[in-house]
Each structure stands twice: as C-alpha cells, then as structure tokens.
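Enquirer:
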Amino acid sequence: MYVAVKGGERAIDNAHAWLAEERRGDPAVPELTVAQIREQMRLAVNRVMAEGSLYDPDLAALAIKQSRGDLIEAVFLIRAYRTTLPRLGASQPVDTAAMAVDRRVSATFKDLPGGQVLGPTFDYTHRLLDFKLAAEGEVAAAPTQDTIPEPVPHVTGFLNRDGLIEAEPRDDTAPPDLTREPLELPAARPLRLQALARGDEGFVLSLAYSTQRGYGRTHAFVGELRIGRVAVEVDIPELGFAVEIGEVELTECETVNQFKGSKTEPPQFTRGYGLVFGQSERKSIAMSLVDRALRWKELGEDFTGAPAQDEEFVLYHCDNIQATGFLEHIKLPHYVDFQAELELVRRLRAEAAAAVQEAAE
Amino acid sequence: MAILAKAPPARLAELLPDLAAHAVLRAPETGAVMVRGRTGGTGAPFNLGEMTVTRCSVRLDCGAVGHAWVQGRDKAHATRAALADSLMQTDAAPRIRAMVLEVLAAEAKAARTARAGKAAATRVDFFTLVRGED
Amino acid sequence: MQAQSLTGGFADAPVESARAFRAILEAMARPGTIRRVEGAAPPAPLSPAAGVALLVLADPTTPLFLAGAVDCPAVRDWVAFHIGAPLAGAEEAAFAVGTWADLQPVTRFRIGQPDYPDRSATLIVEADRLEADGPRLTGPGIREAARLSLPETAAFQANRALFPLGWDCILTCGDRLAALPRSTRLEDA
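Each protein sequence line maps, in turn, to chains C, V and Y.
Residues in the first sequence are numbered consecutively from 1, following the working numbering.
Residues in the second sequence are numbered consecutively from 1001, following the working numbering.
Residues in the third sequence are numbered consecutively from 2001, following the working numbering.
1) Does the beta-carbon distance from LEU2103/Y to LEU2123/Y come in below 8 angstroms?
2) If you follow the alpha helix (DSSP H) that ARG2022/Y is in, where does it begin and where does it stop?
3) Counting only beta-carbon atoms, is GLY1037/V nearer than 8 angstroms to chain C?
4) Taking the alpha-carbon of PRO2060/Y as reference, which of LEU299/C, PRO86/C, GLN322/C, LEU344/C has the nearest alpha-carbon?
5) Please list the terminal residues of the continuous alpha helix (DSSP H) segment that includes SER262/C.
6) Give me the residue from ASN320/C, GLY325/C, ARG271/C, THR264/C with the minimum Cα distance to ASP302/C.
7) At a threshold of 7 angstroms, does VAL232/C count as lining the ligand ATP (C-beta to nearest heavy atom)?
8) So, at 7 angstroms on beta carbons, what are the nonlocal neighbours of ASN1047/V in its own chain, with the 5 sequence-adjacent residues on each side left out?
9) In terms of residue numbering, what span does the alpha helix (DSSP H) encompassing GLY1049/V cover?
10) Determine whether the Cβ of ALA2013/Y lies closer than 8 angstroms to any Cβ atom of chain V.
11) Check the C-beta distance from ARG2160/Y over to THR2184/Y and give it rounded, since I have them as a contact under 8 angstroms.
12) For LEU1025/V, go through chain Y and note every residue whose CB falls closer than 7 angstroms to its CB, in chain order.
13) Could you give the first and the last residue of the continuous beta strand (DSSP E) run that contains ALA2074/Y?
14) Can you tell me whether ARG189/C is helix, strand or coil according to DSSP?
15) Can you confirm whether GLU238/C, when its beta carbon is compared against all beta carbons of chain Y, has any partner nearer than 8 angstroms?
16) In terms of residue numbering, what span does the beta strand (DSSP E) encompassing GLN92/C cover?
17) With a threshold of 16 other CB atoms inside 10 Å of the CB of LEU344/C, please say whether the residue is buried or exposed.
18) Is DSSP giving GLU250/C helix, strand or coil here?
19) What does THR1988/Y touch in chain C if you count any residue whose Cβ is under 7 angstroms from its own?
20) Please identify the residue among VAL230/C, MET41/C, VAL243/C whose C-alpha is closest to the C-alpha of HIS1067/V.
21) Identify every run of the alpha helix (DSSP H) within the segment 2141 to 2167 of chain Y, keeping only runs that are complete inside it and at least 4 residues long; order them along the chain.
22) Alpha carbon to alpha carbon, how far is ASP1061/V from ALA1020/V?
23) Any Cβ of chain Y within less than 8 angstroms of the Cβ of VAL1053/V?
24) Could you give the residue range of the beta strand (DSSP E) that holds GLU224/C?
25) When DSSP labels each residue in this structure, what does VAL1130/V get in the three-state scheme?
26) Can you check DSSP and say which residues form a bridge with ALA2178/Y?
27) Are there three or more Cβ pairs, one per stretch, closer than 8 angstroms when the segment 1094 to 1110 of chain V is compared with the segment 1006 to 1024 of chain V?
28) Distance check for ALA1119/V and PHE2095/Y, CA to CA, integer angstroms please.
29) Could you have a look at ALA242/C and say whether DSSP puts it in helix, strand or coil?
30) Return the residue from the list GLY2112/Y, VAL2125/Y, ALA2058/Y, ILE2142/Y that minimises the CA-CA distance to PHE2021/Y.
31) I'd like to confirm the pairing. Which residues does DSSP put opposite SER2120/Y in its beta bridges?
32) Kindly list the residues whose CB is nearer than 6 angstroms to the CB of SER2212/Y, restricted to its own chain and excluding five residues on each side of it in sequence; keep chain order.
33) Could you give the first and the last residue of the continuous alpha helix (DSSP H) run that contains MET287/C?
34) Could you check where the alpha helix (DSSP H) with ALA2132/Y kicks off and where it finishes?
35) Whose Cβ in chain V lies nearer than 7 angstroms to the Cβ of HIS154/C?
36) Quick check on the DSSP output: the alpha helix (DSSP H) that includes GLY2051/Y runs from which residue to which?
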C-alpha cells in the first residue's frame, strides 16, 4: 500500500546543495570541463551513449560530470533527456562494410584483405599501472604510415562463398522499436538486438561468459571485430532523397560459431552479431555471443534451460535503468506497508506461540 | 549538404561568417534520428539507438530555399548549413563551392587520411618463425 | 517541392503546439465542446484546424491516410515538410483526414486490440459546419448532455458499441474543432 506523505522539503533542498558541493570536490583542485571528460574519458562517454541509446558525446560527458562518474546514473540522465526530443526520422541502415576502420581484427583468419589492424587497443599492454600518467606530460604523436585506403570487406563474406556459413539475406522490413512499443515476446531478432545494444554491459558480459562456460554453449570465435566511423544517411522528406547528416563511431563484432546441424539446418558455421555505439569491444563481443545463444529456436537447437537462451530472462533484465529503478525504489518510504507486514508477523508469532502452548498442555 | 552537415561548426562559421538576409521556413529544431544497423551487417534492419540532429530550412529574399540536417544540437550550425545550401541555388554557387565546400571537403579528407595513416601503422605484418613439421 | 508547402507551419512551435495540444486535449476530455485553434495555414483544401491537429498529433511514426480531395500534391508536400508522417492506406493509418463522405467506409479503420486498445485510428473529419446542435451526447466528460452537429449517428453508435475498442474522432471546420472519443454515447436529436 502506498500513502502520500508530505515533508522533508528543506532536507531535500539541503541534500541537493551538499550533493553539488561534493560533486565539485576540493575547490583547490581545478574543475573538470565537459570537453575534458569527452576527450579523456572517452570510453566512459561511449558506454553512456550506448546504454543511454543516444549518440551525442557532449551530452554523455555532461551526464558523467553531473552524475559524479556514476555511469548508470549518467545513462539515466541521457534516457530522460532523449524522451524530450522529437523523433525526426530513422536512418538508412548503416553500411558497416564501408566503415573507416581504426581497428579490425579476426581471430579466425590470419591473412585477409585489409589486414589485421590493431588500432588503439589495450590488448598487448601489460596492465601495469603507469605512474608517468600521475604526472602531467605531453604525449608523443602516434606513428603513421602512408596508406592508400583499400576496401575492408567483412570476413564472413569469404566463408559465405563456400556456403560454409549461414547467409544473412538482405531484408527491408521496418524493424520494431522498443522505445515506442512495449516489449512483447517472442521477440524477433531485430528487437533482441536493439535491447542488447542498449543493455547493461556488465549483465550482457556475464551472460556471454556463462555461455562460454557451458550454459548454452555455442563455441564462438571472433570472426571479425571492427571499430571505426560510418556515415549516417537519412531520407530528407523535403528533398525526397537520402543525405549523409553525420558520422558515428561503432564497434561491430561477428562471431563464427560451431554448429553440428539440426533437424532443419545443415552442418555449417552460424553467426552471432554485436553492434554498439562507440569503441565498446567487450560489449559488442558479449552481445554477439548472447545474440547467438538466443537464436536456438530458429536454428532448431535444443533449449537446455541456460539463462542466455531464455529470451524473457535476458530481455527483461538487461536494461540497467529498468533494473535500477525497480531495485532502488525499495529504499523510498514504505512505512505503511512495512507496518502491515510487522503486524502480520506479530500475529503469526502469537498464533504459533499459542499453538505450541496448546500442544504442551 | 553532407559536407556542410559533417563540417566542424566553428570551421563553417569561419568560412561563412556573414549570414545573408533570409526568412526562416523552419526554425532550427533539435530532435533525434534513430540509427539503424542490419543483423549480421547485411540482413534485416534493427534499431541501434538514436543520435541528436538539428534541422533548419530558410528562404533567401530571391526565393532560393535551403535545407539542413546536421548531427548534434548546434542551431547556428544548422542555420548556417541551410543558408549555404540556399546560396548554392543562386549565382553565388561557384563562390560558395570554391570558398566553403571545397575547403571543407579537403580538410575532411585530410583528417580521414591522417587517421587512416595511424591505423595503417598498427597493421600487423606476420612472418613465420617455424612451421610445424607435417 | 512547391514553395507554398514550406510555409504554414507553427512559427513558434514550442508555444503554439503546447497551446494547441491543450485545446485538443480539452476538446477530447469534454466531448461536444467547440474550440478555436491557431498557428497553422495548410494548403487548401485542408482546414487550419485539421492542419493544427496534424502538426500537434502526427509525426514520422504515425501513418497518415489522406482521404479524397485532401490527397493532393500540395497537402502531401506540406505533410512531408512539416510533419513527416508516412502516407498509408486506411487500414494501417494512425490518423486519417477527409470529409465524412471521403472517409467511408469508416469500418476499415483500426480499432485497436483488446490488450492494446490505443493501437487505433483517430479520424479528423472535415465538416462544412460545426455547431452545438444535432445528436445528443452523453458519457464521460459530459455533465448532463451535449449536442454536436455530426454527419450521422449510426456509425458513431456502432463505434461506441465496440468500446473499449474503436476509433476516436476530431471534427474540424475552419479554425474550430470538437472531438468525439469512442466513449461517448449518441442519441438522435
């Protein structure tokens, strides 16, 4: 039972004022600017954009500043802001094959057109704290190499030629949008991918890890991981044709998964897909593993009861704003319903005590 | 329009400092566009997430109409891009092309090439140490 | 796109659309009351009130059906520029605009589903006259009874019988509008 109560206004105002002061920290230390967060905390900005489901690095940086670095709180601020924006339209599906790649690696093919490009990766660092960063200093410019941009085709295209991997035939059905219509099950793959793309990185990571450990195992290899920028094209109604209106940085992961074949499908490699705003490779790999695990039904596999195969479990729990909203609401006043619980427990105890006494007599 | 949309707003303002007299057909309006991807990169479209976009439409006194849709929330950028688009429908087109569009296109290409050069420097050259006996 | 299609939207969208939304909300909440709205100057034959209703309610995610004479290049272009609603057939439409005769048969419009009654159409009916006379209206939002000049009674009664499913209706005439939600009961005058 919920009962409206009044009061606490002064306490709330003062709490907000103190929050602002704590956010600022020691005034002797220079204040962070939004631009500094955007440039130097870029992976945090990327995560807020991906899970906030709104690509705008300045807004994400502002949200991180306002939330004192609590990324889920920052995601919450972005989700709230995006509801104030009119929806002007939808883009043409982005062409990730035409991505200007910063990074592109394949764990399945060593030699591939376009090559293995490491990009600005943490891989091969020694994970030793670099105390030089504690002192401010200029960074030397990264080496460059003259290059003639060459096409960087998708790795899965090579396997496709031999028919060894399932095809992804082009389809132009308008996708469902869970920001507009409530999530209904069973969900088609486009809806699942939307939910996973904005899902919590930690949750999706753990689910993906659970499939690797055997809960819905699919034997995934990273067929290809690419990070870079793609143009966004939108149909402009007043012009009647599509125009590039900007660029977004994306991370795309395609897994190649072992598949022995089923009642309906021949033995072949199958695919899982991950696509995330920004440089977010952990999230995109995790997303592609979970995507693959959720595809058991269409591939005619058995449901083993693994959490990652359970679409209701995955889709209803991957959103950290829904989760934190429901979780954190229990700290708000529930005085009256707790009173009722208290009375119930007292009555049950009295009844139990009476029964014990009766039995003893 | 694509060059104007992708231009850094401050750079566009430098290249096109003066705003020609114009009527506003659609005041700069910030909204969201849903960015879509495709399953597996090539399959069915899905909604990835939104991006902020600002659009604007203007008409010059001579009647030429210009439209702009630009990424982000910069209303001055959208207005300036719409004006440049409208000027491209007039006698000023060659001047705008030479002094604004070509400059922006060249700078965008240079930035892209510089980034591609850094990526190319991280490309792996494999060499075989020992091949397993078979 | 014709030049006339680029004008006639809200000049000050945040303020004008908020006022117009309020007027439509009030009209829907108090069936039969007639309200004046302003801010839109759409191309003929679309009335200013119908233009306001579309500017406020429709967007690129609401399929729009243009019935009869309003389905002309000038109106199509105006909708494309100011609203961006995709044009659709009557069966898929979230909004439909036209005269009562052009909207027939109204049984083809979406009435929602039992679990989602909101997935239904709103008809914007262009009328030659809109006055507080005609069939007697009763139901939610009406203190005793109201009267409204409606093109007919039977179709609205049949729609009421579907409740909680059914379409909703906004009647427009010049710069005035009234609304008839699916919850209103009708009796012939």
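Just so you know, even glycine gets a beta-carbon here, dropped at the ideal spot from N, CA and C.
Bear in mind the structure is a predicted one, so any value in this text is a computation, not a measurement.
Expert: A quick look at the data gives this:
1) yes
2) Following the DSSP letters along the chain, one finds ARG2022/Y inside the alpha helix (DSSP H) bounded by residues 2013 to 2029.
3) yes
4) PRO86/C
5) SER262/C -> no alpha helix (DSSP H), and no H or E assigned at all.
6) Nearest C-alpha to ASP302/C: THR264/C.
7) What this structure holds is no ligand at all, so the ligand ATP is not there to describe.
8) A distance below 7 angstroms between beta-carbons, with the five flanking residues on each side excluded, links ASN1047/V to the following residues of its chain, in chain order: MET1034, ARG1036.
9) Here GLY1049/V belongs to no alpha helix (DSSP H); instead the beta strand (DSSP E) covers 1045 to 1060.
10) yes
11) 7 angstroms
12) LEU2006, THR2007
13) No beta strand (DSSP E) holds ALA2074/Y; the alpha helix (DSSP H) holding it covers 2073 to 2082.
14) helix
15) It does: the Cβ of GLU238/C has a partner Cβ on chain Y nearer than 8 angstroms.
16) Careful: GLN92/C lies outside any beta strand (DSSP E) and carries neither H nor E.
17) exposed
18) The identity of residue 250/C in the sequence shown is Leu, whereas the question assumes Glu. DSSP places LEU250/C in strand when its eight states are reduced to three.
19) One cannot answer for residue 1988/Y here, as it falls past the ends of chain Y, which runs 2001 to 2189.
20) Looking at VAL230/C, MET41/C, VAL243/C, the one whose alpha-carbon comes closest to that of HIS1067/V is VAL243/C.
21) 2154 to 2160
22) Rounded to the nearest angstrom, the gap between the Cα atoms of ASP1061/V and ALA1020/V is 9 angstroms.
23) Judged by the 8 angstroms Cβ criterion, VAL1053/V is not in contact with chain Y.
24) Taken as a continuous stretch (DSSP letters only), the beta strand (DSSP E) holding GLU224/C covers 220 to 236.
25) coil
26) LEU2171/Y
27) yes
28) Roughly 51 angstroms between the two C-alpha positions.
29) strand
30) The shortest CA-to-CA distance from PHE2021/Y to any of GLY2112/Y, VAL2125/Y, ALA2058/Y, ILE2142/Y is the one to ALA2058/Y.
31) ILE2111/Y
32) Look at the range of chain Y in this structure, 2001 to 2189, and you will see that residue 2212/Y is not part of it.
33) 281 to 294
34) From DSSP, ALA2132/Y is part of no alpha helix (DSSP H); its letter is neither H nor E.
35) GLY1041
36) 2048 to 2057
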